[in-house]
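Participant: The structure follows.
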Amino acid sequence: MKFVINVYGRREDEKSTLYEALRTHLPGIRPHDDLFFNFIDIRQTENLTDHDENLMEQLDEGDLGIPAVTVNDEIVSDGTMDPATVIRWFEARE
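Printed below as a string of structure tokens:
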């Protein structure tokens, strides 16, 4: 199965912590799936989808916490740097 994992945050907010943790751990949990990882800086305003713009508006208004993680456009985690929530989401779908 194909999964697109988007991490929305700020570059200087330890981008590598959550983003890299997911890139490291998820392929071991889902070795037969196609996983595509993207980091989207919430200050970026170019080349965004309508979904990205909507989600970033929710982050700006405080409806979602930073960082936020989506998988195939489903919000899986927000407001935590801990990858465990996202990992549990994937484990529940095995």
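Quick note on numbering: my numbering labels position 85 of the sequence shown as 1142, and the sequence is numbered without any gaps. Ideal Cβ positions, reconstructed from N, Cα and C, are used throughout, including at glycine.
Please state if the CB of I1099 and the CB of L1116 are separated by a distance shorter than 8 Å.
Facilitator: For the purposes of this step, residue 1116 is taken as the residue at position 59 of the sequence shown. For the purposes of this step, residue 1099 is taken as the residue at position 42 of the sequence shown. Taking 8 Å as the Cβ cut-off, L1116 and I1099 qualify as a contacting pair.
Participant: Within this structure, are the beta carbons of L1083 and V1064 separated by less than 8 Å?
Facilitator: Counting from 1 along the sequence shown, the entry for residue 1083 is found at position 26. Counting from 1 along the sequence shown, the entry for residue 1064 is found at position 7. Contact: no.
Participant: For F1060, which option in E1077, T1102, F1093, T1074 has the closest C-alpha, if you only look at C-alpha atoms?
Facilitator: As a working note, residue 1060 is residue 3 in the sequence shown. Taking only the C-alpha atoms, the option nearest F1060 is F1093.
Participant: Got a sec? Which residues, its chain only, sit under 7 Å from D1109 by beta carbon, not counting five neighbours each side?
Facilitator: Here residue 1109 refers to the residue found at position 52 when the sequence shown is read from its first residue. So the list reads I1097, once near-sequence residues are dropped.
Participant: Expressed to the nearest angstrom, what Euclidean distance is found between the alpha-carbon atoms of M1058 and T1127?
Facilitator: Counted from its first residue, the sequence shown places residue 1058 at position 1. Counted from its first residue, the sequence shown places residue 1127 at position 70. If I take the Cα positions, the gap works out to 16 Å.
Participant: Using only CA atoms, which one of D1091, R1087, I1062 lies nearest to E1077?
Facilitator: Mapped onto the sequence shown, residue 1077 falls at position 20. E1077 has its Cα closest to that of I1062, out of D1091, R1087, I1062.
Participant: Given this structure, state the Cα-to-Cα distance separating L1075 from I1086, to the nearest angstrom.
Facilitator: Position 18 of the sequence shown, counting from 1, holds the residue named residue 1075. Position 29 of the sequence shown, counting from 1, holds the residue named residue 1086. One C-alpha to the other measures close to 16 Å.
Participant: Judging by CA-CA distance, which residue of T1106, A1125, E1151 is the nearest neighbour of P1140?
Facilitator: For the purposes of this step, residue 1140 is taken as the residue at position 83 of the sequence shown. Checked all of T1106, A1125, E1151; the closest Cα to P1140 is A1125.
Participant: Hey, out of N1104, T1106, T1142, I1123, whose CA is closest to R1068's CA?
Facilitator: Counted from its first residue, the sequence shown places residue 1068 at position 11. Comparing Cα positions, the closest option is I1123.
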